[in-house]
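>
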Amino acid sequence: MVKGSFLRSLASHKQCSLPMNSGATISLVYPSVDNVMRGYFGPESGGCLPYSKATNEKQKWLQSYLHQWKADSYGRTRAMPHIKSYCRISPCLTKLAILSDH
78 MVKGSFLRSL ASHKQCSLPM NSGATISLVY PSVDNVMRGY FGPESGGCLP
128 YSKATNEKQK WLQSYLHQWK ADSYGRTRAM PHIKSYCRIS PCLTKLAILS
178 DH
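Every position in the sequence shown, counted from 1, becomes a number in the numbering used here once 77 is added.
Written out as structure tokens, the structure reads:
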């Protein structure tokens with residue numbers, strides 16, 4: 078139920094009347110505690126990652142969508158991300174929207 082609602086909100090597009098692809102998936106890339114602790118600056122690396130353990134405990138449904146931060150091919154796995162970017166592709170696959178905080 079939550080997944081469907083979340084996907085519908087991301088897929089909304091006023092110029093595309095095709096139904097949302099029911100096989101769509103959600104993948105949220107977010108550093109784990111282990112990623113942060115192994116980061117270049119240890120615990121300080123997580124200062125810009127405001128997702129507390131208490132919040133995580135309230136959002137158990139979200140855990141199956143979380144994926145580890147990893148960028149080995151660029152040598153950036155230990156560098157914690159500090160921007161938040163979101164991408165949405167229209168259901169008819171003709172439009173792309175990107176929102177970033179930088």
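Beta carbons are placed, not taken as given, at the ideal position from N, Cα and C, and that holds for glycine. Owing to the predicted nature of the structure, the values given are computational and were not obtained by experimental measurement.
1) When the Cβ atoms of the segment 163 to 178 are set against those of the segment 113 to 132, are three or more pairs found closer than 8 angstroms?
2) Which word fits P108, buried or exposed, when buried means at least 16 other C-beta atoms lie within 10 angstroms of its C-beta?
3) Can you look up L95 in the DSSP assignment and give me helix, strand or coil?
4) Look at the alpha carbon of S162 and the alpha carbon of S104, and state the distance between them as a whole number of angstroms.
5) Within a Cβ cutoff of 7 angstroms, which residues of the same chain sit near Q145, ignoring the five residues on either side of it in sequence?
Walking through what the data contain:
1) no
2) buried
3) With a pLDDT of only 47 at L95, under 50, the local geometry of the prediction cannot be trusted, and the value read off the model is given with reservation. In this structure, L95 counts as coil in the three-state DSSP scheme.
4) 13 angstroms
5) S109, N112
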